[in-house]
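Since the structure comes first, as structure tokens, the remarks are kept for the end.
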Amino acid sequence: MQGTLKEIDVTSILRLIELGQRTGELLIESNTGRSWFVFFVNGEITYATDPTSNLNRLRDYLHGLNLDSALEQVLTAKLGINVIEYGQIWALLESQVLSPKQAKAIIRAMIVEVLFDILSLHEGNFVFELGASLAPQLTTIKLSPLLKQITIELQAWYRFYPYIQSPDQCPAIAIDGALPKLNQWVNGKTSLRQLARYGNQSIFAIAKNMYTGILSGAVAMAPLALPVTTKPRHEALRIICIDDSVTICRAVEYILHNNGYQVTAISNPIKALSLVFQLKPDLILCDIAMPDLDGYELCGMFRKSSYFARKPIIMLTGKDGFIDRVKARMVGATEYLTKPFGEKELLMMVEKYLANSHINSEGIAAFESYHENDGSNLDILGISSS
1 MQGTLKEIDV TSILRLIELG QRTGELLIES NTGRSWFVFF VNGEITYATD
51 PTSNLNRLRD YLHGLNLDSA LEQVLTAKLG INVIEYGQIW ALLESQVLSP
101 KQAKAIIRAM IVEVLFDILS LHEGNFVFEL GASLAPQLTT IKLSPLLKQI
151 TIELQAWYRF YPYIQSPDQC PAIAIDGALP KLNQWVNGKT SLRQLARYGN
201 QSIFAIAKNM YTGILSGAVA MAPLALPVTT KPRHEALRII CIDDSVTICR
251 AVEYILHNNG YQVTAISNPI KALSLVFQLK PDLILCDIAM PDLDGYELCG
301 MFRKSSYFAR KPIIMLTGKD GFIDRVKARM VGATEYLTKP FGEKELLMMV
351 EKYLANSHIN SEGIAAFESY HENDGSNLDI LGISSS
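Pasting the structure below:
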């Protein structure tokens, strides 16, 4: 299921998933470039995230529990690149830094926060992908009561205009000594969203309190900051990720983008074939198992181009078999990365080959040998070259 938010609103999408008791992932993209993932099992929500927040959102919730250094005390979780934050919550739970009750409360608050953001969207795109449930599973939340609660809050939220326009605005004390208990946080630097996380309250509840202070003159709202665009650390380096899983595409996209790379994620392999030659990336990440055109075929096509003859092509796959590795090498793949993989592994792989700015000699040699022998090396191993 996919489409635009002009065709169907977010509430209706969520209700369809609930009524159909679907299990999978919903991706919502706004026209401003923000995106959100919502995970379902049998029509109930298990987790929701804004991938651009990295671990900052979790840090805010931990701050409210006086656990500021907790993330540094546990080992980095490895539950798949698209659920980094969720994996860290589980790591904190397994390390007994968080109790099950605290972990469930944090996940519920995260879900409410995401729903508050997406239910007011009227423009953008969505994709719902059926699949296995997010594992391990900590909690599930029924959708209908949550939708009712947040819809009421959103209707009341608009009464705060024009004084409060966004959860990302920062309130400040306007009169010295007016609100001594709030001086520490109502400082013009901490957003309503962060205050809600610190105090374990809804964004609406925090905004309502601030609105009362605004009307009395005790609180002033800082104007919304314009988005800051930072100069990419790797200005000339472009990466393309080709994977029929929208979730993987978006996860790879935000990880690499946050590390300064120019990234384009493409979930349609046919579309990717033409776009790759237009964009001329410095490195390609390519899933092996895709419909219509698999990664082996794509890699072979790219290698026939003089431009891509020595560009790094890293194959992504859920398998870790010897035959798969050999076949990837034979079609000219530079390297082979098994899913699920962590952020650190992805960055190490990308930086390893972009630092050298050329494909390793083994991949090229295997590719050239394969074509010189008309694929006979594959036949020896019992692999079809077609």
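Heads up: the sequence shown runs through residues 1 to 386, numbered per this note's numbering. Every residue gets a Cβ at the ideal spot worked out from N, C-alpha and C, and that includes glycine. Given the structure is predicted, the values throughout are model-derived calculations rather than measurements.
Does DSSP put G188 in a helix, a strand or coil?
coil
Could you tell me which uninterrupted alpha helix (DSSP H) segments, each at least 4 residues in length, are contained entirely in the segment 77 to 135, listed from first to last along the chain?
84 to 94, 100 to 118
P269 beta carbon less than 9 Å from that of V219:
no
Please report the straight-line C-alpha distance between L134 and I175, rounded to a whole angstrom.
48 Å
For D287, report the span of its alpha helix (DSSP H) as first-last.
Per DSSP, D287 belongs to no alpha helix (DSSP H); it is in the beta strand (DSSP E), 283 to 287.
Considering only their Cβ atoms, is the gap separating I248 from L283 smaller than 9 Å?
no
Run through the DSSP bridge pairs and tell me what P51 is partnered with.
Paired residue(s): none; P51 is not in a bridge.
Can you name the residues that DSSP bridges to A172?
N187, A220
What does DSSP give as the partner residues of R238 in its beta bridges?
Q262
Please identify the residue among Q88, D117, A103 whose C-alpha is closest to the C-alpha of T32.
D117
Minimum C-alpha distance to L5 - residue among L67, L27, I106, I89:
L27
Do Y211 and R238 count as a contact pair if the criterion is CB distance below 9 Å?
no
Tell me the residue span of the beta strand (DSSP E) that contains L27.
24 to 30
Return yes when the Cβ of T46 is within less than 9 Å of the Cβ of L138, no when it is not.
yes
Compute the Euclidean distance between the alpha carbons of V97 and K208, then round it to the nearest angstrom.
32 Å
Quick check: the Cα distance between M301 and P145, rounded to an integer number of angstroms?
51 Å
By the DSSP assignment, the beta strand (DSSP E) with S35 in it spans what residues?
35 to 41
What do you get for L115, buried or exposed, if any count of 16 or more other CB atoms within 10 angstroms of its CB means buried?
buried
Can you name the start and end residues of the alpha helix (DSSP H) that Q155 belongs to?
143 to 157
Tell me where the alpha helix (DSSP H) around M301 begins and ends.
295 to 303
Taking the C-alpha atoms as reference points, what is the distance between L298 and G3?
27 Å
Return the chain-ordered list of same chain residues with a C-beta closer than 7 Å to the C-beta of K142, the five sequence neighbours on each side being excluded.
E44
Is the distance from the Cβ of L192 to the Cβ of T151 below 9 Å?
no
Distance between beta carbons of A48 and M110, contact taken as under 8 Å:
6 Å
Kindly give me the distance between the Cβ atoms of N187 and G64, rounded to whole angstroms, as I take these residues to be in contact under 8 Å.
Not confirmed; about 16 Å, so no contact.
Closest by CA to K311, which one among V326, S274, A355, K327?
A355
When you compare the CB positions of D243 and S267, do they come within less than 9 Å of one another, or not?
yes
Apply the 10 Å Cβ neighbour rule to R387 and answer buried if 16 or more other Cβ atoms are within range, or exposed otherwise.
Since the first residue of the chain shown is 1 and the last is 386, residue 387 is not available in this structure.
Please report the straight-line C-alpha distance between S369 and Y353, rounded to a whole angstrom.
For S369, the pLDDT reaches just 49, beneath the cut-off of 50, and the residue's location in the model is therefore unreliable, although a value from the coordinates is still provided. Going from the Cα of S369 to the Cα of Y353 covers about 22 Å.
Check for me: the beta strand (DSSP E) holding Q278 runs from which residue to which?
Looking at the DSSP string, Q278 is not in any beta strand (DSSP E); the run it does join, the alpha helix (DSSP H), is 269 to 279.
Taking L347 as the reference, which of R303, L256, D287 has the closest Cα?
L256
Short of 8 Å in beta carbon distance, which residues of its chain neighbour P232, apart from the five on each side in sequence? Order them along the chain.
Reliability fails at P232, whose pLDDT of 43 lies under 50, so the model's placement of it is uncertain and the value that follows must be treated cautiously. Once the five neighbours on either side are set aside, the close Cβ partners of P232 are G260, Y261, Q262.
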